[in-house]
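Engineer:
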Amino acid sequence: MERTVTVNVREVQESGNEAIERVDAEAVNSAKVRQPLYAARKKIHPKRASGAFRQFKWLVMAITLGIYYLTPWIRWDRGPYAPDQAILVDIANRRFYFFSIEIWPQEFILIAGLLVMAGAGLFLITSVAGRAWCGYTCPQTVWVDLFLVVERAVEGDRNARIKLDQTPWTLDKITKKLVKHLIWIAIGFFTGGAWIFYFADAPTLARDFTLGQAAPIAYFTVVILTFTTYVFGGFMREQVCTYMCPWPRIQAAMLDEDSLTVTYNAWRGEPRSRGAKKSVAAGKLVGDCVDCNACVAVCPQGIDIRDGQQLECITCALCIDACDGVMDKLGKERGLISYTTLLDYQHNMDIATVGGTKPINPALVRTAEGKLTEEVKNFRLGHIFRPRTAVYFSLWVLVGIGILTMLMSRGRLELNVLHDRNPQFVTLSDGSIRNGYTVKILNMIPEPRAFTMSIDGLPDATMSAPDIAEASDGKVSVEAEPDRVRTFKVFVAVPAGSLDEEITPFEFHVVDKDGMESAVYKTTFSAPEKK
Amino acid sequence: MDDARHIDGKRIDEKTGVETTGHFWDGIQELNNPLPRWWLWTFYATIIWAIGYTIMYPAWPMLTSATGGYLGYSSRAEVRDELATAEAARGSLVEAVRSEDVAQIVANPVLKQFAISAGAAAFKVNCVQCHGSGAQGSAGYPNLNDDDWLWGGDIESIYTTINHGVRYAADEETRQSEMPSFDGVLTPDQMADVAAYVVSLSGTPKFPDKVEAGATLFAENCASCHGSDAKAAKGVDAEAVKDLGAPDLADAIWLYGSGENAVVQQMMHPRNGVMPAWGARLGNTTVKELAVYVHSLGGGQTVAAGQ
Numbered sequence: 001m002e003r004t005v006t007v008n009v010r011e012v013q014e015s016g017n018e019a020i021e022r023v024d025a026e027a028v029n030s031a032k033v034r035q036p037l038y039a040a041r042k043k044i045h046p047k048r049a050s051g052a053f054r055q056f057k058w059l060v061m062a063i064t065l066g067i068y069y070l071t072p073w074i075r076w077d078r079g080p081y082a083p084d085q086a087i088l089v090d091i092a093n094r095r096f097y098f099f100s101i102e103i104w105p106q107e108f109i110l111i112a113g114l115l116v117m118a119g120a121g122l123f124l125i126t127s128v129a130g131r132a133w134c135g136y137t138c139p140q141t142v143w144v145d146l147f148l149v150v151e152r153a154v155e156g157d158r159n160a161r162i163k164l165d166q167t168p169w170t171l172d173k174i175t176k177k178l179v180k181h182l183i184w185i186a187i188g189f190f191t192g193g194a195w196i197f198y199f200a201d202a203p204t205l206a207r208d209f210t211l212g213q214a215a216p217i218a219y220f221t222v223v224i225l226t227f228t229t230y231v232f233g234g235f236m237r238e239q240v241c242t243y244m245c246p247w248p249r250i251q252a253a254m255l256d257e258d259s260l261t262v263t264y265n266a267w268r269g270e271p272r273s274r275g276a277k278k279s280v281a282a283g284k285l286v287g288d289c290v291d292c293n294a295c296v297a298v299c300p301q302g303i304d305i306r307d308g309q310q311l312e313c314i315t316c317a318l319c320i321d322a323c324d325g326v327m328d329k330l331g332k333e334r335g336l337i338s339y340t341t342l343l344d345y346q347h348n349m350d351i352a353t354v355g356g357t358k359p360i361n362p363a364l365v366r367t368a369e370g371k372l373t374e375e376v377k378n379f380r381l382g383h384i385f386r387p388r389t390a391v392y393f394s395l396w397v398l399v400g401i402g403i404l405t406m407l408m409s410r411g412r413l414e415l416n417v418l419h420d421r422n423p424q425f426v427t428l429s430d431g432s433i434r435n436g437y438t439v440k441i442l443n444m445i446p447e448p449r450a451f452t453m454s455i456d457g458l459p460d461a462t463m464s465a466p467d468i469a470e471a472s473d474g475k476v477s478v479e480a481e482p483d484r485v486r487t488f489k490v491f492v493a494v495p496a497g498s499l500d501e502e503i504t505p506f507e508f509h510v511v512d513k514d515g516m517e518s519a520v521y522k523t524t525f526s527a528p529e530k531k
Numbered sequence: 001m002d003d004a005r006h007i008d009g010k011r012i013d014e015k016t017g018v019e020t021t022g023h024f025w026d027g028i029q030e031l032n033n034p035l036p037r038w039w040l041w042t043f044y045a046t047i048i049w050a051i052g053y054t055i056m057y058p059a060w061p062m063l064t065s066a067t068g069g070y071l072g073y074s075s076r077a078e079v080r081d082e083l084a085t086a087e088a089a090r091g092s093l094v095e096a097v098r099s100e101d102v103a104q105i106v107a108n109p110v111l112k113q114f115a116i117s118a119g120a121a122a123f124k125v126n127c128v129q130c131h132g133s134g135a136q137g138s139a140g141y142p143n144l145n146d147d148d149w150l151w152g153g154d155i156e157s158i159y160t161t162i163n164h165g166v167r168y169a170a171d172e173e174t175r176q177s178e179m180p181s182f183d184g185v186l187t188p189d190q191m192a193d194v195a196a197y198v199v200s201l202s203g204t205p206k207f208p209d210k211v212e213a214g215a216t217l218f219a220e221n222c223a224s225c226h227g228s229d230a231k232a233a234k235g236v237d238a239e240a241v242k243d244l245g246a247p248d249l250a251d252a253i254w255l256y257g258s259g260e261n262a263v264v265q266q267m268m269h270p271r272n273g274v275m276p277a278w279g280a281r282l283g284n285t286t287v288k289e290l291a292v293y294v295h296s297l298g299g300g301q302t303v304a305a306g307q
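Okay, here's the thing in structure tokens:
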């Protein structure tokens with residue numbers, strides 16, 4: 001197998017006033033030169049793109065990285081008995097704090113609901129705009145983008161980097177590589193460093209971490225995440241998307257002919273021509289594509305979008321920016337590469353090929369004045385509203401409403417009662433029957449609370465709690481610490497012969513002293529078999 | 001047969017352009033594709049790891065033992081350390097249980113909880129054989145959950161009972177008493193009368209006309225231990241009989257069975273249950289923990305009976 005060596009050749013094509021730089025870029029992952037799986041990875045040197053999508057991606061990067069790095073430092077006052085970190089996963093105490101919401105382990109179904117929402121949301125976005133998650137917000141994409149910024153700043157843009165990689169090891173090259181890798185490792189370190197702040201009080205942990213007093217798991221986590229960030233962002237890059245990530249394969253199944261994907265509009269681009277004027281003069285058909293390879297040069301995935309939709313494409317849309325720039329210089333309409341649905345593409349293709357009967361004739365999609373004809377279909381916003389998207393959206397909304405309803409109506413007091421099984425009952429000297437219960441009162445707010453507990457449904461029964469002094473008039477008064485479970489033993493006794501059944505159902509009631517909240521637990525009373 | 005090209009002495013497969021291993025099996029050749037790089041690197045990494053591991057940890061078998069490893073690790077030592085750590089962690093509590101008396105332990109919630117847990121564990125090892133896994137007892141072995149105590153249900157009394165046992169000859173301070181046999185002292189008819197009376201105190205006797213005679217016989221023969229009202233340490237003569245371990249015959253709890261027949265049997269062939277003294281066997285700390293656990297089961301009293 002022959003290795004293609006990327007050489008930097010520049011051709012200049014005169015067209016209008018401006019010069020189009022033709023890059024001799026080879027798509028390393030193109031369909032034509034599909035890499036065998038055991039071959040060494042060919043390095044991709046993405047060129048810097050500029051345009052609307054690049055701007056949007058900078059913005060998304062700033063927002064997502066901002067959220068990731070800064071969130072643990074947001075404070076939220078919960079009073080003296082709970083941490084003041086807005087978002088905190090307190091694994092040691094099994095609590096999850098999210099601003100005013102506090103979640104106990106048994107309420108984790110809320111998080112499951114959130115994950116269902118995330119799933120439905122992802123389906124929705126995918127059916128509308130294809131792999132938008134991959135192209136804009138996936139951490140792999142964002143961090144690779146960040147690593148590329150560093151690479152570009154230190155080593156220069158595409159051509160300079162290719163040249164640098166090909167030159168022998170000089171002091172300059174060593175310095176540049178060293179600086180780049182050090183910055184990458186630093187980014188990796190701060191990425192791992194930010195992660196641990198979600199699991200402990202951030203300022204305290206930051207100080208302890210610096211002083212070497214943090215828990216070993218904190219250092220371990222940071223080291224692991226530094227390593228993975230460095231390797232994934234610096235070296236593996238597009239291989240993570242192509243070989244490791246299951247999502248592209250799932251997501252591909254969720255696209256349909258109505259989904260927007262980054263598409264090379266072959267119906268106006270083909271046949272490609274490097275010397276349009278000569279070709280026209282020679283009587284050949286000439287499409288809009290000048291084969292400048294700008295789309296290939298900017299691609300971080302190393303593909304040629306002109307090969308059509310392919311697994312490697314994360315729809316980052318940088319090729320659109322690159323191509324639009326070229327089209328602007330050529331004085332042609334933007335959108336030779338654009339977000340297009342398969343249906344629209346097929347429709348326009350049918351015009352250019354007369355229903356597929358002839359080779360592509362780009363003249364057929366243009367009027368005599370050289371404008372695109374009115375039959376050419378472009379994406380309309382109304383196309384987003386389809387039964388499929390409606391279903392996904394409804395699912396998303398329904399689960400969202402479900403979670404919100406649960407959140408609004410959930411109790412902050414729970415009562416759990418464990419009926420003693422061994423022995424099930426005890427006969428006392430006066431012939432009365434006693435059952436034992438272990439009661440757990442869950443005070444789920446970060447404030448101490450006092451409760452009154454009583455029983456209902458057992459005639460003449462008396463209740464006593466030996467660990468709690470304040471038991472009076474058949475009720476038990478008990479205090480619970482903030483955000484804690486109060487566990488205590490309760491004995492219930494009924495006089496001899498007052499029960500007809502061996503098993504008698506009854507209820508424990510617990511009310512907080514303000515009468516604001518109450519809870520009920522249904523349990524049973526066991527008595528010996530009647531002789 | 002060999003349709004491979006030869007380049008630099010390597011055999012190259014025509015169709016794929018890949019070098020072959022040079023082996024032939026009935027005309028079939030094996031392509032010598034390179035291993036995936038990640039696989040190769042992982043393989044090398046495991047080798048390096050293995051070398052490091054054998055240096056740091058016990059690895060190479062020698063004649064009598066194995067190489068110790070630079071870190072000197074041993075799983076036995078690890079268990080020993082963990083046990084020592086656990087021991088040290090609860091050391092202060094164990095020390096407190098050892099030095100304080102049972103009343104003080106019960107008064108301190110933290111210490112009490114610790115003693116209950118430790119006592120529950122000791123109970124499962126040493127006591128369940130007779131008293132049952134839930135301390136519910138069985139015929140001849142008292143239920144420790146109820147409020148009926150032959151030798152006192154306050155924490156101090158329970159502690160003493162466990163420490164010295166009941167009718168346990170090897171311990172000088174053991175709880176001592178003996179129900180005599182009335183076989184020959186009373187006639188069978190008289191015993192039936194007494195039984196009718198005793199049963200009438202807490203239920204309905206089969207022969208109510210025997211109760212009156214039984215009451216007289218009881219006052220003459222039984223009241224000295226069981227009290228004139230048959231309530232033993234819970235009755236009017238509590239002060240006189242409190243150390244005799246005699247059961248309350250007017251309540252609903254029967255150690256050796258309820259009903260006339262059981263009462264007569266106990267009069268003819270008295271069973272005097274024995275409990276070993278645990279103080280010498282388990283040590284004072286464990287006995288304290290057991291006492292606190294038993295006291296917590298629901299029948300524990302705050303003051304000694306008769307005080």
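Chains as they are written, first to last, in full-length UniProt numbering: chain R, 1 to 531; chain X, 1 to 307. C-beta: ideal position from N, C-alpha, C; glycine also.
Check the Cβ-Cβ distances between Ala317/R and every residue of chain X, and say whether any is below 8 Å.
Structural biologist: Numbered from 1 along the first sequence, position 317 holds the residue referred to as residue 317/R. False, the Cβ-Cβ gap to chain X never drops below 8 Å.
Engineer: Out of Asp146/X, Lys231/X, Arg80/X, point me to the one whose CA is closest to Ser296/X's CA.
Structural biologist: Stepping through the second sequence from its first residue, residue 296/X is reached at position 296. Checked all of Asp146/X, Lys231/X, Arg80/X; the closest Cα to Ser296/X is Asp146/X.
Engineer: Could you give the DSSP three-state label for Asn163/X: helix, strand or coil?
Structural biologist: Here residue 163/X corresponds to residue number 163 of the second sequence, with the count starting at 1. Three-state result, Asn163/X: helix.
Engineer: Report the three-state DSSP secondary structure of Leu71/X (helix, strand or coil).
Structural biologist: Residue numbering aside, residue 71/X sits at position 71 when the second sequence is read from its first letter. Three-state result, Leu71/X: coil.
Engineer: Below 7 Å on C-beta distance, what does Leu458/R contact in chain X?
Structural biologist: Translated into the one-based positions of the first sequence, residue 458/R becomes position 458. Neighbours of Leu458/R on chain X: none; closest Cβ ~17 Å, over 7 Å.
Engineer: For Ile196/R and Ala218/R, which I take to be in contact (beta-carbon distance under 8 Å), what is that distance rounded to the nearest angstrom?
Structural biologist: Indexing the first sequence from 1 puts residue 196/R at position 196. Indexing the first sequence from 1 puts residue 218/R at position 218. Correct: roughly 5 Å between the Cβ atoms.
Engineer: Starting from Gly91/X, trace the alpha helix (DSSP H) both ways and give me its first and last residue.
Structural biologist: Working through the second sequence from its first residue, we reach residue 91/X at position 91. Unbroken alpha helix (DSSP H) run through Gly91/X: 91-99.
Engineer: Is the region 413-428 of chain R touching the region 135-151 of chain X in the sense that three or more CB pairs, one from each, lie closer than 8 Å?
Structural biologist: Verdict: yes, contact present.
Engineer: Restricting to Cα atoms, I'd like to know which of Gly152/X, Gln176/X, Ser258/X is closest to Val199/X.
Structural biologist: Looking up residue 199/X in the second sequence gives position 199. With distances taken between Cα atoms, Val199/X lies closest to Ser258/X.
Engineer: Can you find a CB in chain X that lies within less than 8 Å of the CB of Ala461/R?
Structural biologist: Taking the first sequence and counting its residues from 1, one reaches residue 461/R at position 461. With 8 Å as the cut-off, Ala461/R does not count as an interface residue toward chain X.
Engineer: Opposite Ala480/R in the DSSP bridges: which residues?
Structural biologist: Position 480 of the first sequence, counted from the first residue, corresponds to residue 480/R. Answer is Arg449/R.
Engineer: At which residues does the alpha helix (DSSP H) containing Ser65/X begin and terminate?
Structural biologist: Within the second sequence, residue 65/X is the residue found at index 65, counting from 1. Counting along the chain, Ser65/X falls outside any alpha helix (DSSP H), and DSSP gives it neither H nor E.
Engineer: Kindly say whether Thr523/R, judged by its beta-carbon, lies nearer than 8 Å to any beta-carbon of chain X.
Structural biologist: On the first sequence, residue 523/R is found 523 positions in, with the first residue counted as 1. No, its Cβ sits nowhere closer than 8 Å to a Cβ of chain X.
Engineer: Just the C-alpha distance for Gln13/R and Ala317/R, rounded to the nearest angstrom, thanks.
Structural biologist: Stepping through the first sequence from its first residue, residue 13/R is reached at position 13. Stepping through the first sequence from its first residue, residue 317/R is reached at position 317. Because the pLDDT at Gln13/R is just 45, under 50, the model does not fix this residue reliably, and the value given afterwards should be weighed accordingly. So the two alpha carbons sit approximately 25 Å from each other.
Engineer: Can you give me the Cβ contacts of Thr462/R inside the same chain, cut-off strictly under 6 Å, excluding the 5 residues immediately before and after it?
Structural biologist: Residue mapping note: residue 462/R aligns to position 462 of the first sequence, counting from 1. Counting only Cβ-Cβ distances below 6 Å, and skipping sequence neighbours, we find Ala493.
Engineer: For Asp514/R, count the other beta carbons within 10 Å of its own beta carbon; 16 or more makes it buried, fewer makes it exposed. Which is it?
Structural biologist: Within the first sequence, the letter at position 514 stands for residue 514/R. Label assigned to Asp514/R: exposed.
Engineer: Which whole runs of the alpha helix (DSSP H) in the region 79-119 of chain R are 4 residues long or more, in chain order?
Structural biologist: Here no run is fully enclosed.
Engineer: Secondary structure at Ala49/R, three-state DSSP: helix, strand or coil?
Structural biologist: Taking the first sequence and counting its residues from 1, the one referred to as residue 49/R is at position 49. Coil, per DSSP.
Engineer: I'd like the span of the beta strand (DSSP E) that includes Met463/R, first residue to last.
Structural biologist: Residue mapping note: residue 463/R aligns to position 463 of the first sequence, counting from 1. Per DSSP, Met463/R belongs to the beta strand (DSSP E) from 462-464.
Engineer: Whose C-beta lies closer than 7 Å to the C-beta of Lys522/R among residues of the same chain, with five residues either side of it excluded?
Structural biologist: Numbered from 1 along the first sequence, position 522 holds the residue referred to as residue 522/R. Within the same chain, Lys522/R has close Cβ partners Pro505, Glu507.
Engineer: Please decide whether Arg3/R counts as near chain X, where near means a Cβ-Cβ distance under 8 Å.
Structural biologist: Here residue 3/R corresponds to residue number 3 of the first sequence, with the count starting at 1. Because the pLDDT of Arg3/R is 41, which lies under 50, any placement of that residue in the model is unreliable, and the number read from its coordinates should be weighed accordingly. So, not an interface residue.
Engineer: Any beta carbon from chain R within less than 8 Å of Gln265/X's own beta carbon?
Structural biologist: As a first step, residue 265/X must be located in the second sequence, where it is residue number 265. No - not a single Cβ of chain R is within 8 Å of the one on Gln265/X.
Engineer: Cβ of Leu330/R less than 8 Å from any chain X Cβ?
Structural biologist: Residue mapping note: residue 330/R aligns to position 330 of the first sequence, counting from 1. Leu330/R does not count as touching chain X.
Engineer: Use the C-beta contact count for Pro362/R: other C-beta atoms within 10 angstroms, 16 or more gives buried, fewer gives exposed.
Structural biologist: Translated into positions along the first sequence, residue 362/R becomes position 362. Buried: at least 16 other Cβ atoms inside 10 Å.
Engineer: Could you tell me whether the region 479-495 of chain R touches the region 429-448 of chain R, where touching means 3 or more Cβ pairs closer than 8 Å?
Structural biologist: As far as the Cβ criterion goes, the region 479-495 of chain R touches the region 429-448 of chain R, which means the pair count is three or higher.
Engineer: Along the chain, where does the beta strand (DSSP E) containing Gln29/X start, and where does it finish?
Structural biologist: Translated into the one-based positions of the second sequence, residue 29/X becomes position 29. Counting along the chain, the beta strand (DSSP E) containing Gln29/X begins and ends at 28-31.
Engineer: Quick check on this structure: which residue in Thr487/R, Ser394/R, Gly431/R has the alpha carbon closest to the alpha carbon of Leu418/R?
Structural biologist: What you label residue 418/R is simply residue 418 of the first sequence in a count that begins at 1. Of Thr487/R, Ser394/R, Gly431/R, the residue nearest in Cα terms is Thr487/R.
Engineer: Buried or exposed, going by whether 16 or more other CB atoms sit within 10 Å of the CB of Arg90/X?
Structural biologist: Walking along the second sequence from the start, residue 90/X turns up at place 90. Counting Cβ neighbours within 10 Å, Arg90/X comes out exposed, since fewer than 16 surround it.
Engineer: Out of Lys42/R, Trp73/R, Thr373/R, Asp328/R, point me to the one whose CA is closest to Cys289/R's CA.
Structural biologist: Locating residue 289/R in the first sequence gives position 289, counting from the first residue. Among Lys42/R, Trp73/R, Thr373/R, Asp328/R, the Cα nearest to that of Cys289/R belongs to Asp328/R.
Engineer: Taking Asp99/R and Ala82/R to be in contact with their CB atoms under 8 Å, please state how far apart those CB atoms are, rounded to whole angstroms.
Structural biologist: Taking the first residue of the first sequence as position 1, residue 99/R is located at position 99. Taking the first residue of the first sequence as position 1, residue 82/R is located at position 82. First, the residue type needs correcting, since residue 99/R is Phe and not Asp in the sequence shown. Not really, about 12 Å apart at Cβ, beyond 8 Å.
Engineer: Taking the C-alpha atoms as reference points, what is the distance between Leu111/X and Lys124/X?
Structural biologist: For the purposes of this step, residue 111/X is taken as residue 111 along the second sequence, with counting starting at 1. For the purposes of this step, residue 124/X is taken as residue 124 along the second sequence, with counting starting at 1. Leu111/X and Lys124/X: Cα-Cα distance of roughly 20 Å.
Engineer: Any beta carbon of chain X sitting closer than 8 Å to that of Thr242/R?
Structural biologist: Translated into the one-based positions of the first sequence, residue 242/R becomes position 242. No, Thr242/R does not count as interfacial toward chain X.
Engineer: On the DSSP letters alone, give me the boundaries of the alpha helix (DSSP H) that Phe508/R sits inside.
Structural biologist: As a working note, residue 508/R is residue 508 in the first sequence. From DSSP, Phe508/R is part of no alpha helix (DSSP H) but of the beta strand (DSSP E) over 503-512.
Engineer: Using only the heavy atoms of the ligand ATP, determine whether one of them is closer than 7 Å to the beta carbon of Asp460/R.
Structural biologist: Although the ligand ATP was asked about, the structure shown includes no ligands whatsoever.
Engineer: Who are Ala519/R's beta bridge partners in DSSP?
Structural biologist: As a first step, residue 519/R must be located in the first sequence, where it is residue number 519. DSSP output for Ala519/R lists Val510/R as bridge partner(s).
Engineer: Within the continuous alpha helix (DSSP H) that includes Lys489/R, where are the two ends?
Structural biologist: Here residue 489/R refers to the residue found at position 489 when the first sequence is read from its first residue. Taken as a continuous stretch (DSSP letters only), Lys489/R belongs to no alpha helix (DSSP H), being part of the beta strand (DSSP E) at 485-494.
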